[in-house]
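J.: Sharing a structure with you now.
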Amino acid sequence: MDLGLIISSAVKIIGFVFLMLMPMIAYIIWVERRFLAIIQDRIGPNRVGIPWTNVGLFGLGQPIADGLKSFLKEDFTPGHVNKFYYVIAPALVMVPALLTCAVLPFGRDLVLPFLDEPIRLVIADLDIGPIWIFAIASLGVYGIVLAGWASNSKYPFLGGVRATSQMISYEISLGLSIIPVLLLFQHLNLNDIVRYQSEHGWLLLPMWGDGWSVQRWLYLIPAGVAFIIFVVSMFAETNRTPFDLPECETELVAGYHTEYGSMKFAMFFMGEYAAMIIGSGLAVTLFLGGWSLPFGLDALVLGVFSDTWFSWVPALLSTGIFFLKIVCFMLFFIWVRGTLPRFRYDQLMKLGWIIFFEAALANIFIAAGILMFA
Amino acid sequence: MATVTVQRPKLSLAEKLFLPGVLKGLAITLGHALRMLRGQKKVTMQYPEERWDANLPEHYRGAPALVTDEHGRERCVSCQLCEFICPPRAITIVPEEIPGDDQWAKVEKQPKAFEIDMIRCIYCGMCEEVCPEQAIFLRKDYAITGTLP
């Protein structure tokens, strides 16, 4: 282990997780509240700005105020819960969600003038990216199950049971849906996948480089199906509307986190949004070119900033693009939440097991056939 | 009772696929969002800055209040009609005779005390309707905060 690797990893972890992801979680919640309000012809939180002044700043202070409120509230633990699991459950939701971001590439290789080697803008440059994400993300269900079970009350229990079967069911179609993607790219390193898409066209937008081939355009069919299955399964996996049955406030009060308050509740909340952001990040990375610009503009950017002293610009630019794409994806999440009513539980199970599972399986064979014969 | 078999509507392929419906819904919500963003539609009123004052409807009923006439005399003659009609019995009137040497001696009665229990008042406006002297009116106020006397 050389010191440079440790330092760069530490900087990447702090920069990506604590300076980008955490503020993003906080502000996505605010964006969600504003955007939902706009969809519903309301205004949303627009007051909290700079304290003791009349400056509203469109309510940009709301996440800070919310966070402060969560910290200052009494950390109440009901008497009837199983204390150990009750306390550990919120962490078990939050930690896997943050762990999964380790393999997400959030930018082009950073070339610094005073360093010999470029820094790869991914915390862990593993060759098993998607598998790591699925393996760790499936641990998140334990947090929800433990929360439901340890709360020792009816509604959280029902929420926890629902969450378990929902997340386990949809994990299958989620995993199967990306196999056509991996068949095409032929490796599992997410950074390489993005670089390939940057040069040869995004999976869903093959309009430059090698993307103009018949094979890639035919491949849009399985890729499109895979994208739809992946996105819908991700909605179910992150317990978002229209699949938010584990929370389901009309039936289950607040579902698995009914008995939680203050910062413990906020942990569930943040874990859920972290999972959404990572999920969007994975979808963007696999299907929409990750940090790359469309239409081969990456080569242009690299050419403009080929000078030694400005060689770090493309990396920063690509990070910005990656986050822009994630934000767009999150807006889509919110948009869907403002549109669709909740599914019934049997409909959810039927969709997962009877439609998506089979469709994802068939999709693999179609993709393989296209790769073989076209 | 005989069993009634309800004919379920046959769904077309588009309806079974569900996705066209989803897209239609998304278009509707996007339309609402765009209308809001362009400022063409607004429902919420930004309360302390924007107030109801200009927009109060004609029939608005606020807190009831006694009024005086053009000579500055309280119009109420203590007939107690409002006390009797008041559905929640919020009004209590203690009548008092007007002394004979007073300028308004011909009116005979005036309220010694006229109490409206604002916890009971339901703002129905019946006191205003029943009053023969037009002495009580419901004001057009909506931000009423009370303190103990």
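First to last, the sequence lines map onto chains R and H. According to my numbering, the first sequence is numbered sequentially starting from 1. According to my numbering, the second sequence is numbered sequentially starting from 1001. By construction, the Cβ of each residue, glycine as well, lies at the ideal position given by its N, Cα and C atoms.
So, for R:Ala89: in the same chain, excluding its five sequence neighbours on each side, which residues have a beta-carbon less than 7 Å away from its beta-carbon?
T.: The answer, listed in chain order, is Gly143, Leu146, Ala147, Ala150.
J.: Give the DSSP bridge partners of H:Ala1065, in chain order.
T.: H:Phe1137.
J.: So what does H:Glu1074 bridge to, in DSSP terms?
T.: For H:Glu1074, which the question treats as bridged, DSSP gives the partners H:Thr1068.
J.: Going by beta carbon distance, what residues of the same chain come within less than 7 Å of R:Met267, once the five residues before and after it are set aside?
T.: If we look at R:Met267 and ignore the five residues flanking it on each side, its Cβ neighbours are Pro90, Ala91, Val93, Met94.
J.: Using beta carbons (cut-off 7 Å, strictly below), is R:Ile39 in contact with chain H?
T.: Chain H contact via Cβ: present.
J.: Any C-beta of chain R sitting closer than 7 Å to the C-beta of H:Leu1026?
T.: It does; some Cβ of chain R falls within 7 Å.
J.: Is it buried or exposed, R:Cys328, if we count other Cβ atoms within 10 angstroms and call 16 or more buried?
T.: Counting Cβ neighbours within 10 Å, R:Cys328 comes out exposed, since fewer than 16 surround it.
J.: Please report how far the alpha carbon of H:Leu1034 lies from the alpha carbon of H:Gly1062, in whole angstroms.
T.: The alpha-carbon atoms of H:Leu1034 and H:Gly1062 are separated by roughly 37 Å.
J.: Establish whether the CB of H:Lys1109 and some CB of chain R are separated by less than 7 Å.
T.: No, because no Cβ of chain R sits closer than 7 Å to the Cβ of H:Lys1109.
J.: Per DSSP, R:Lys83 is paired with what?
T.: According to DSSP, which records beta bridges pairwise, R:Lys83 is partnered with nothing at all.
J.: DSSP state of H:Thr1145, grouped into three classes?
T.: In the structure shown, H:Thr1145 sits in coil (DSSP, three-state: anything other than H, G, I, E or B).
J.: From the beta carbon of R:Ile43, is the nearest beta carbon of chain H less than 7 Å away?
T.: So, interface residue.
J.: Counting only beta-carbon separations shorter than 7 Å, does R:Thr339 have a partner in chain H?
T.: Closer than 7 Å: yes.
J.: Is the distance from the Cβ of R:Pro96 to the Cβ of R:Gly129 below 7 Å?
T.: Contact: no.
J.: In its own chain, which residues sit with a C-beta less than 8 Å from the C-beta of H:Glu1108, not counting the 5 before and 5 after it?
T.: Closer than 8 Å at the Cβ level, and outside the excluded window around H:Glu1108, lie Val1077, Glu1097, Ile1098.
J.: Report the start-end ranges of each alpha helix (DSSP H) in the region 90–172 of chain R that is 4 residues or longer and not cut off at the edges.
T.: The region 90–172 of chain R contains these whole alpha helix (DSSP H) runs: 129–137, 140–150.
J.: Against H:Ala1014, what residues of chain R qualify as contacts under a CB-to-CB distance less than 7 Å, listed in chain order?
T.: Here the premise fails: no neighbours, minimum Cβ distance about 15 Å.
J.: Mark H:Thr1044 as exposed unless 16 or more other C-beta atoms lie within 10 angstroms of its C-beta, in which case mark it buried.
T.: By the 10 Å Cβ count, H:Thr1044 comes out exposed.
J.: What are the residues in the region 325–354 of chain R lying within 8 Å of chain H by C-beta distance?
T.: Result list: Trp335, Val336, Gly338, Thr339, Leu340.
J.: Using a Cβ-Cβ distance cut-off of 7 Å, determine whether H:Met1045 contacts chain R.
T.: Not an interface residue.
J.: Does the beta-carbon distance from R:Leu245 to R:Tyr345 come in below 7 Å?
T.: It is a contact, given that the beta carbons lie within the stated cut-off.
J.: For R:Gly289, is the classification buried or exposed, using 16 other Cβ atoms within 10 angstroms of its Cβ as the cut-off for buried?
T.: It is buried - the Cβ of R:Gly289 has at least 16 other Cβ atoms within 10 Å.
J.: Counting only C-beta atoms, is H:Met1118 closer than 7 Å to chain R at any point?
T.: It does not; no Cβ of chain R falls within 7 Å.
J.: Please report the straight-line C-alpha distance between R:Phe18 and R:His257, rounded to a whole angstrom.
T.: Going from the Cα of R:Phe18 to the Cα of R:His257 covers about 25 Å.
J.: How is H:Glu1096 classed by DSSP in three states: helix, strand or coil?
T.: Three-state DSSP puts H:Glu1096 in a strand.
J.: Starting from R:Gln62 and walking both ways along the alpha helix (DSSP H), at which residues does that stretch end?
T.: From DSSP, the alpha helix (DSSP H) with R:Gln62 extends over 62–72.
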